[in-house]
Amino acid sequence: CGQADTTAENIDIYFGLMDQLETDYSDVTFVYMTGHLNVTGEEGNLFQRNNQIRDFCLTNGKVLFDFADIESYDPDGDYFRDLYATDSCNYSGGNWADEWCADNPGSPLCYDCECAHSRPLNCNLKGRAFWWMLARIAGWQAEPDQYSIAFSPASLGFTALQGGSAPGAQTLEIWCEGNGTLEWTAAETAGWLALSPASGSSTGEHDPVTVEVDAAGMQNGTYNTAITITAPGAENTPQSVPVSLTVTSTDTFIAAGPGPGYGNLPEVRVFPPEQGSGPIYTFAAYGAPHYGVNVSSGRVNGGTADVILTGAGPGDIYGPHVRGFLADGTPVGGLSFLAYGTNKWGVNVAAGDLDGDGYDEIITAPGPSGVFGAHIRGWNVDGSVSPMPGLSFFAWPTTQSTFGARVFAGSDLDGDGRDDLVTGAGPDPRAGTPVNVYRYLDGTASLWFSLDAFPAGTTMGASVAAGRLE
37 CGQADTTAEN IDIYFGLMDQ LETDYSDVTF VYMTGHLNVT GEEGNLFQRN
87 NQIRDFCLTN GKVLFDFADI ESYDPDGDYF RDLYATDSCN YSGGNWADEW
137 CADNPGSPLC YDCECAHSRP LNCNLKGRAF WWMLARIAGW QAEPDQYSIA
187 FSPASLGFTA LQGGSAPGAQ TLEIWCEGNG TLEWTAAETA GWLALSPASG
237 SSTGEHDPVT VEVDAAGMQN GTYNTAITIT APGAENTPQS VPVSLTVTST
287 DTFIAAGPGP GYGNLPEVRV FPPEQGSGPI YTFAAYGAPH YGVNVSSGRV
337 NGGTADVILT GAGPGDIYGP HVRGFLADGT PVGGLSFLAY GTNKWGVNVA
387 AGDLDGDGYD EIITAPGPSG VFGAHIRGWN VDGSVSPMPG LSFFAWPTTQ
437 STFGARVFAG SDLDGDGRDD LVTGAGPDPR AGTPVNVYRY LDGTASLWFS
487 LDAFPAGTTM GASVAAGRLE
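Take 37 as the starting number for the sequence shown in our numbering and just add one per residue.
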């Protein structure tokens, strides 16, 4: 079997000689074979020649005893060919056969036997594979395929706003668990539920099914149904996936976005103010797939409904992009801008009526980079966005804090009919927990007072909010 590490032309000669034997002895089944491993891994010539043999056998319907493949896997299915395994089961990290037998003492696969160039485990595997192959050639039928329906998630829940647009679609995954082909069908009986596609075929791959609801004309309440998955031949057919729909009426909302984890999508979810409710709306604020999204809200642009304000998360490739959306995810025209002249680290947002005109202005601060200071800026929104006069300043010198800032602007602290601006230092390791409060009077922001929120020794800045006690 070591002769397989040769040229492609010599392998073709092997095929020709075997073909002549098959012609001369047409009543005999001849078995082809790959060459044993020789430490060259997947980059070596042997791997290419063995694949040449495999491809020939698959294309021409030949019987193959894949010697090299048996030397590449332990009984748990762990793969070692790419770790430069040899026919003696050595690889770059040790000897997989000895390691497996040490972890599985007493296994019959590890029975001692005479085993040239290898280990007893591998020879037992080869012996069993060879007898199985001979039995199949002799006409023995293997056990029939055994498989079952698998799906995720275990249940689905939707929340819809009465008279509003439909909540976002969800995905149900269906796949074959075991050996076989799962020919599945998904069915529903509720008129408000729709599935696409409603059938499919899986040999293990996960088939996505889009699940949508239409709550048009439905009254407040909770509705329950189920998706029934059937598949002929599956051991556990049918399976049921519970689905619930809650229809609610509300004129207020809660918006949430994920924190700045690398794998967190910039997805905004909008909820009614009810215990245990699901989102009534879900939308992506940005196209980037990382670092979450900062959210706030305010009554801007002369409208009667609050607008969800978003700031890009603090990734090192995401700029200080501020956007505005209605609660259903519809972008607000003209409310999309870059708050700073940089393309990194995102932006924090807040809103408040700083000038007392009855509508909120937008306040921004840079995200938590080590190169941007606590640059606070204000923005008017009147069909388009423009900088507020007198509201562009650094809350602290860069010698004290350079990791952006946190902002809040939704409370009138002094009772003058104007909201006041509260800033907290960003997460600079050098910073303590300073908080500054500003008034916006006569077109200019001026410092009202400062405080240290926590004792000396507490670092990384301060998150801030404000409100009334009564």
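Cβ coordinates follow ideal geometry from the N, Cα and C atoms, glycine included.
Where do the N-terminal and C-terminal ends of the alpha helix (DSSP H) with residue i fall, by residue?
i: Asp488; result: Per DSSP, Asp488 belongs to no alpha helix (DSSP H); it is in the beta strand (DSSP E), Thr480 to Asp488.
i: Gly419; result: Careful: Gly419 lies outside any alpha helix (DSSP H) and carries neither H nor E.
i: Gly52; result: Ala44 to Asp60
i: Ile106; result: Phe103 to Ile106
i: Asp139; result: Trp132 to Asp139
In the DSSP assignment, the beta strand (DSSP E) including residue i goes from what residue to what residue?
i: Thr221; result: Leu218 to Ala223
i: Asn472; result: Pro470 to Leu477
i: Leu231; result: Leu229 to Ser232
i: Ile89; result: Taken as a continuous stretch (DSSP letters only), Ile89 belongs to no beta strand (DSSP E), being part of the alpha helix (DSSP H) at Asn81 to Asn96.
i: His357; result: His357 to Phe361
i: Gln275; result: Gln275 to Thr284
i: Asp352; result: Neither: Asp352 is in no beta strand (DSSP E) and is coded neither H nor E.
i: Asp110; result: Segment: none, Asp110 is in no beta strand (DSSP E) and carries neither H nor E.
i: Ser238; result: Ser235 to Ser238
i: Val336; result: Element bounds for Val336: n/a, residue is neither H nor E.
i: Arg117; result: Run containing Arg117: none; DSSP gives neither H nor E here.
i: Phe289; result: Counting along the chain, Phe289 falls outside any beta strand (DSSP E), and DSSP gives it neither H nor E.
Between the Cα of residue i and the Cα atoms of the options, which residue gives the shortest distance?
i: Glu209; options: Leu231, Pro268, Ala202 and Ala196; result: Leu231
i: Val458; options: Tyr476, Val383 and Arg466; result: Tyr476
i: Asn260; options: Ser280, Leu94, Thr273 and Gln275; result: Ser280
i: Arg117; options: Gly97, Arg305 and Glu78; result: Glu78
i: Asp389; options: Ala410, Gly451 and Pro356; result: Gly451
i: Phe103; options: Pro425, Asn87, Ala324 and Pro274; result: Asn87
i: Ser428; options: Phe439, Trp415, Cys93 and Asp110; result: Trp415
i: Trp381; options: Glu397, Ser128, Asp364 and Ala401; result: Ala401
i: His242; options: Val67, Glu248, Phe187 and Pro278; result: Phe187
i: Asp393; options: Thr434, Arg335 and Ala410; result: Arg335
i: Val385; options: Arg413, Thr366 and Asp478; result: Arg413
i: Thr318; options: Pro309, Arg305 and Gln311; result: Arg305
i: Arg90; options: Ile316, Asn74, Leu82 and Thr70; result: Thr70
i: Ala481; options: Thr434, Gln436, Phe430 and Ala502; result: Phe430
i: Ala40; options: Asp60, Gly80, Leu57 and Asp55; result: Gly80
i: Ala292; options: Glu310, Asn330, Asn300 and Tyr298; result: Asn330
i: Tyr127; options: Asp110, Pro141 and Glu213; result: Asp110
Between which residues of its own chain and residue i is the CB-CB distance below 7 Å, once the five residues before and five after are set aside?
i: Gly460; result: Ala441, Arg442, Val471, Gly497, Ala498, Ser499 and Val500
i: Trp432; result: Ala410, Ala461 and Pro470
i: Phe51; result: Phe92
i: Pro425; result: Gly479
i: Glu365; result: For the sequence presented, residue 365 should be read as Gly rather than Glu. The answer, listed in chain order, is Tyr317 and Phe319.
i: Phe289; result: Val306, Phe307, Pro308 and Ala363
When the distance is taken between beta carbons, is residue j closer than 8 Å to residue i?
i: Gly468; j: Thr495; result: yes
i: Ser201; j: Leu218; result: no
i: Cys149; j: Cys137; result: no
i: Ala387; j: Ala445; result: yes
i: Tyr115; j: Ser124; result: no
i: Val249; j: Ala196; result: yes
i: Leu507; j: Ile106; result: In the structure as shown, the chain starts at 37 and stops at 506, and residue 507 therefore has no counterpart that could be examined.
i: Val277; j: Ser191; result: yes
i: Trp211; j: Gly240; result: yes
i: Thr122; j: Leu73; result: yes
Residues in its own chain within less than 6 Å of residue i by CB, not counting five upstream and five downstream?
i: Glu271; result: Ser184
i: Asp181; result: Asn215 and Gly216
i: Ala223; result: Thr264
i: Pro296; result: Tyr327, Gly328, Gly349 and Pro350
i: Gly355; result: Leu374 and Asn379
i: Ile173; result: Thr65
i: Thr434; result: Gly409
i: Ile47; result: Arg85 and Gln88
Would you say the beta carbon of residue i is closer than 7 Å to some non-hydrogen atom of the ligand SAM?
i: Pro144; result: Of the ligands one can find in the structure shown there are none, so the ligand SAM has no counterpart to examine.
What does a CB cutoff of less than 8 Å around residue i pick up in its chain, not counting 5 residues either side in sequence?
i: Gln198; result: Ala251, Met254, Gln255, Asn256, Val283, Thr284 and Ser285
i: Thr221; result: Ala234, Ser235, Ile265, Thr266 and Ala267
i: Asn337; result: Val343, Gly360, Val368, Gly370, Leu371, Tyr395, Val417, Asp418 and Gly419
i: Cys151; result: Asn158 and Cys159
i: Phe408; result: Tyr376, Thr378, Trp381, Pro402, Thr438, Phe439 and Gly440
Residue i CB to nearest chain C CB: under 8 Å?
i: Lys380; result: Absent from the structure is chain C; it holds one protein chain and no more.
Entirely enclosed beta strand (DSSP E) segments - the segment 164–208, minimum 3 residues | As far as the segment 164–208 is concerned, its whole beta strand (DSSP E) runs of at least 3 residues are 183–188 and 192–197.
Any beta strand (DSSP E) of 3 or more consecutive residues that is wholly inside the segment 359–390 | As far as the segment 359–390 is concerned, its whole beta strand (DSSP E) runs of at least 3 residues are 367–374 and 383–388.
Segments of 3+ residues assigned as beta strand (DSSP E) that fall wholly inside the segment 246–270 | Runs of the beta strand (DSSP E) lying entirely within the segment 246–270 and spanning at least 3 residues, in chain order: 257–266.
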